[in-house]
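J.: Per this note's numbering: the sequence shown ends with 491, consecutive numbering throughout.
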Amino acid sequence: KRNREMEKQGLGCRRVVLVPCPLQGHINPMLRLGTILHSKGFSITVAHTQFNSPNTCNHPDFVFLPLLSDDSSSERNDSDDFVVFLSNLNLNHKASLQKLLTQIVEQEQEQHEGLPCIIYDALMYSVEEVAHSLKLPSIILHSSCATSLLSFFAYAQLREEGRIPSQGSKSMELVPGLHPFRFKDLAVFDFKNEDTLLPLIAILRNKGTSSSAMIWNSMDCLEKSSLAEFQQQCQVPNFSIGPMQKIAPASSSSLWEEDHSCITWLDKQTENSVIYVSFGSIAMIDEKDVAEIAWGLANSKQPFLWVLSSGSVNGSDSIDLLPDDFKETVGERGCIVKWAPQEQVLAHHAVGGFFTHCGWNSTIESISEGVPMICRPIFGDQRINSRYISHVWRVGIELENGLEREEIEKAIKMLVVEKEGEEMKQRAANLKLKTQLCIQKNGSSYDSLNELVEFIMSL
Ligand code: UDX
């Protein structure tokens with residue numbers, strides 16, 4: 033019925049084809065965007081790889097079309113080099129996407145519908161060439177924040193100018209003109225092969241000027257100046273419509289089964305007492321780190337919910353690694369699961385802190401629920417996010433010296449019992465309110481979303 037009403041308003045016929053990058057932290061924002069656009073009357077088609085293919089049952093209103101790979105052996109994310117993984121992903125799905133989009137265009141023309149609009153994840157950069165060849169408008173969805181992308185660009189420039197200090201990723205020196213980042217925060221240093229990374233940064237930069245527009249799962253109250261700067265640099269319309277998970281509650285787009293028993297466990301805990309621990313879907317930690325986290329949590333004496341997914345620890349099944357005496361020590365005070373319904377966890381009244389790797393989705397989900405963070409960034413944009421969390425929004429603390437049990441214990445105690453933690457919680461609560469205002473009528477994300485809808489209709 034809703035779509036019929038939309039059709040009357042002339043909105044119903046426009047098809048949007050979404051091309052997500054097949055990683056959890058990228059599938060979530062793309063399918064959330066799909067849910068939002070569907071609620072605005074658009075028809076949604078998802079062109080997805082067979083590797084990490086989304087659960088189609090959770091989105092009965094979308095059409096899912098698989099993309100075939102020219103070389104499925106490279107369709108895994110266990111490559112040593114993330115950039116090589118991305119390059120294979122883009123190369124191997126290009127022909128199939130071309131075929132699929134050609135078919136969609138023919139169908140739409142037969143039915144006298146307008147041309148579809150393509151929205152693709154920034155990391156699926158080859159989509160744009162295909163869209164251009166078919167004269168289809170294309171829009172980029174960024175799964176990270178504008179500040180992190182600007183920092184990557186700045187890093188590439190500094191490299192070009194030979195202005196990177198010799199200590200590289202260890203340098204505490206402030207990056208000129210890039211407050212509040214130190215060279216150490218420009219996480220790109222840790223990539224194994226910078227020779228492949230720099231061309232990727234260049235691609236991301238160029239796409240900024242050749243697509244029709246950009247969408248950010250971000251908002252003015254978090255990074256207004258970075259969003260404005262990005263807009264100025266790329267000169268195509270930018271729409272910041274976050275936090276998307278709060279605009280149109282989407283069905284789960286989890287690639288793994290969520291263990292809901294942890295919600296029953298949370299129900300039994302006291303308000304604001306639980307530390308939720310998760311390092312997202314791709315970051316890997318070492319066996320030694322597992323032990324440090326375990327003892328840091330045990331010694332803090334706080335209840336905790338820990339996501340220890342299989343495959344998240346280098347070379348072993350993570351849960352088997354937990355020391356027996358640790359399990360005896362914590363007993364019912366700890367709940368360990370392989371995958372949690374994260375949004376529900378963060379919204380739970382028992383959760384008082386999030387020990388996180390600072391992926392952008394986790395960051396924005398935590399901020400939206402007013403949960404302060406303990407930050408342990410691992411790679412990519414995570415250090416940039418972490419620095420903003422701890423030094424700009426001041427709603428978290430960063431573990432500067434790696435994963436050490438004493439430091440973890442100290443950070444948890446600071447968050448839960450000390451005055452500094454209390455102030456941090458207050459700031460997190462204030463920031464939550466600001467994010468709520470962004471999506472309310474006349475808020476920046478609310479307005480930006482309406483502009484995006486109009487923009488897509490005008491293409
Ligand atoms: C990746 C990158 O690592 C990150 O830096 C980038 O900003 C986005 O893409 P990932 O590492 O998986 O993402 O982290 P994050 O961005 O936090 O996304 C993880 C998603 O999985 C979140 O939406 C979170 O809600 C969900 N999740 C995580 C669960 O649903 N259950 C869990 O147990 C853990």
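For glycine and all other residues, C-beta sits at the position ideal for the given N, C-alpha and C.
Can you find the residues in the same chain that come closer than 6 Å, C-beta to C-beta, to Asp252, ignoring five residues on each side of it along the sequence?
T.: By one-based count along the sequence shown, residue 252 stands at place 220. Closer than 6 Å at Cβ, skipping near neighbours: Ser476.
J.: Give a yes or no on contact between the stretch 437-444 and the stretch 193-210, applying the rule of three or more CB pairs nearer than 8 Å.
T.: no
J.: Tell me whether Tyr152 sits in a helix, a strand or coil according to DSSP, three-state version.
T.: Taking the first residue of the sequence shown as position 1, residue 152 is located at position 120. In the displayed model, Tyr152 falls within a strand according to three-state DSSP.
J.: For Val159, which beta-bridge partners are listed by DSSP?
T.: Sequence index remark: in the sequence shown, residue 159 carries index 127 (1-based). Paired residue(s): none; Val159 is not in a bridge.
J.: For Ser313, tell me which candidate among Gln301, Ser394, Leu168 has the shortest Cα-Cα distance.
T.: Taking the first residue of the sequence shown as 1, we reach residue 313 at position 281. Among Gln301, Ser394, Leu168, the Cα nearest to that of Ser313 belongs to Ser394.
J.: Run the proximity test for Asp153: is its beta-carbon closer than 7 Å to any non-hydrogen atom belonging to ligand 1?
T.: Sequence index remark: in the sequence shown, residue 153 carries index 121 (1-based). Ligand 1 has no heavy atom closer than 7 Å to the beta-carbon of Asp153.
J.: If you follow the alpha helix (DSSP H) that Asn84 is in, where does it begin and where does it stop?
T.: Walking along the sequence shown from the start, residue 84 turns up at place 52. Unbroken run through Asn84: none, as it is neither H nor E.
J.: What whole-angstrom Cβ distance do Leu232 and Val115 have, given they're in contact under 8 Å?
T.: Mapped onto the sequence shown, residue 232 falls at position 200. Mapped onto the sequence shown, residue 115 falls at position 83. Contact between Leu232 and Val115 holds, with the beta-carbon distance rounding to 5 Å and staying under 8 Å.
J.: Pairing CB atoms from the stretch 278-286 with CB atoms from the stretch 62-79, are three or more of them under 8 Å?
T.: yes
J.: Could you check if Ala372 is buried or exposed, using at least 16 other CB atoms within 10 Å of its CB as the buried criterion?
T.: Taking the sequence shown and counting its residues from 1, the one referred to as residue 372 is at position 340. So Ala372 ends up on the buried side.
J.: Could you pull the start and end residues of the alpha helix (DSSP H) that Met251 belongs to?
T.: As a working mapping, residue 251 is identified with position 219 in the sequence shown. Met251 -> no alpha helix (DSSP H), and no H or E assigned at all.
J.: Do Leu55 and ligand 1 come close, with the Cβ less than 7 Å from some heavy atom?
T.: Here residue 55 refers to the residue found at position 23 of the sequence shown. Checking every heavy atom of ligand 1 against the Cβ of Leu55, one is found closer than 7 Å.
J.: Less than 6 Å between C-beta atoms, sequence neighbours within five positions excluded: which residues of the same chain meet that for Pro98?
T.: By 1-based counting over the sequence shown, the position of residue 98 is 66. Gln82.
J.: Quick check on Asn249: buried or exposed, where buried means 16 or more other Cβ atoms within 10 Å of its Cβ?
T.: Counted from its first residue, the sequence shown places residue 249 at position 217. Sixteen is the threshold: when 16 or more other Cβ atoms of the shown chains lie within 10 Å of the Cβ of Asn249, as they do, the residue is buried.
J.: Are there three or more Cβ pairs, one per stretch, closer than 8 Å when the stretch 181-198 is compared with the stretch 163-171?
T.: no
J.: Less than 8 Å between the C-beta atoms of Ser176 and Leu210, yes or no?
T.: Along the sequence shown, read from residue 1 onward, the residue named residue 176 stands at position 144. Along the sequence shown, read from residue 1 onward, the residue named residue 210 stands at position 178. Contact: no.
J.: Rounded to whole angstroms, what's the CA-CA distance from Ala379 to Glu401? Just pull it up for me.
T.: The count along the sequence shown starts at 1 and reaches residue 379 at position 347. The count along the sequence shown starts at 1 and reaches residue 401 at position 369. When rounded, the distance between both Cα atoms is 6 Å.
J.: Could you tell me the distance, in whole angstroms, from the CA atom of Phe311 to the CA atom of Ala382?
T.: Taking the sequence shown and counting its residues from 1, the one referred to as residue 311 is at position 279. Taking the sequence shown and counting its residues from 1, the one referred to as residue 382 is at position 350. A direct Cα-Cα distance of roughly 20 Å separates Phe311 from Ala382.
J.: Would you decide whether Arg36 is buried or exposed? Buried here means 16 or more other CB atoms lie within 10 Å of its CB.
T.: Residue numbering aside, residue 36 sits at position 4 when the sequence shown is read from its first letter. Annotation note: pLDDT 48 at Arg36 (below 50); position unreliable, coordinate value reported separately. The residue is exposed, with fewer than 16 neighbouring Cβ atoms inside 10 Å.
J.: What are the boundary residues of the beta strand (DSSP E) that Ser272 is part of?
T.: Start at 1 with the first residue of the sequence shown, and residue 272 comes out as number 240. DSSP places Ser272 inside the beta strand (DSSP E), whose first and last residues are 270-272.
J.: At the level of alpha carbons, what is the spacing between Gly366 and Val309?
T.: Counting from one through the sequence shown, the residue named residue 366 turns up at place 334. Counting from one through the sequence shown, the residue named residue 309 turns up at place 277. Approximately 11 Å, taken between the alpha carbons.
J.: Does ligand 1 have a heavy atom nearer than 7 Å to the CB of Asn462?
T.: Taking the first residue of the sequence shown as 1, we reach residue 462 at position 430. Not so, every heavy atom of ligand 1 lies at least 7 Å from the Cβ.
J.: Give a yes or no on whether the C-beta atoms belonging to Phe74 and Val95 are separated by under 8 Å.
T.: For the purposes of this step, residue 74 is taken as residue 42 along the sequence shown, with counting starting at 1. For the purposes of this step, residue 95 is taken as residue 63 along the sequence shown, with counting starting at 1. No, Cβ-Cβ distance for Phe74 and Val95 is not below 8 Å.
J.: Decide if the stretch 411-418 is in contact with the stretch 291-303; the criterion is three or more beta carbon pairs, one per stretch, under 8 Å apart.
T.: No: the two stretches stay apart, fewer than three of their Cβ pairs being nearer than 8 Å.
J.: Is it right to say Glu11 is buried, meaning 16 or more other beta carbons lie within 10 angstroms of its own, or is it exposed?
T.: Residue numbering for the chain in the displayed model covers 33 to 491; residue 11 lies beyond these limits and cannot be assessed.
J.: Just to confirm the assignment: which complete beta strand (DSSP E) runs, minimum length 3, are found wholly within the stretch 375-459?
T.: 383-388, 405-407, 428-430
J.: How many angstroms separate the CA atom of Glu39 from the CA atom of His58?
T.: In the sequence shown, the residue the question calls residue 39 occupies position 7. In the sequence shown, the residue the question calls residue 58 occupies position 26. For Glu39, the predicted structure reports a pLDDT of 46, less than 50, and the residue's modelled location is therefore unreliable. A value from the coordinates is still provided. C-alpha separation (whole angstroms): 30 Å.
J.: Using only the heavy atoms of ligand 2, determine whether one of them is closer than 7 Å to the beta carbon of Asp413.
T.: Summarising the ligand content, the structure contains ligand 1 and does not contain ligand 2.
J.: Return the first residue and the last residue of the alpha helix (DSSP H) that Trp338 is part of.
T.: Position 306 of the sequence shown, counted from the first residue, corresponds to residue 338. Unbroken run through Trp338 is the beta strand (DSSP E), 336-339; no alpha helix (DSSP H).
J.: Locate the beta strand (DSSP E) running through Arg195, then write down its first and last residues.
T.: Numbered from 1 along the sequence shown, position 163 holds the residue referred to as residue 195. Premise fails: Arg195 is in no beta strand (DSSP E) and is neither H nor E.
J.: Considering only the alpha carbon of each residue, which of Glu455, Lys451, Leu236 lies closest to Arg426?
T.: Taking the sequence shown and counting its residues from 1, the one referred to as residue 426 is at position 394. Closest by alpha carbon: Glu455.
J.: Within 10 angstroms of the Cβ of Asn482, are there 16 or more other Cβ atoms? Answer buried if so, exposed if not.
T.: Position 450 of the sequence shown, counted from the first residue, corresponds to residue 482. By the 16-neighbour rule on beta-carbons within 10 angstroms, Asn482 is exposed.
J.: Heavy atom of ligand 1 less than 7 Å from the Cβ of Ser176, yes or no?
T.: Indexing the sequence shown from 1 puts residue 176 at position 144. The answer is yes for Ser176.
J.: According to DSSP, is His125 helix, strand or coil?
T.: Numbered from its first residue, the sequence shown carries residue 125 at position 93. His125: helix per DSSP, three-state reduction.
J.: Report the option in Ile68, Asp93, Pro92, Val51 whose CA atom is closest to the CA atom of His80.
T.: Counting from 1 along the sequence shown, the entry for residue 80 is found at position 48. Among Ile68, Asp93, Pro92, Val51, the Cα nearest to that of His80 is on Val51.
J.: Tell me the residue span of the alpha helix (DSSP H) that contains Pro61.
T.: On the sequence shown, residue 61 is found 29 positions in, with the first residue counted as 1. Secondary structure note for Pro61: its alpha helix (DSSP H) is the uninterrupted segment 56-71.
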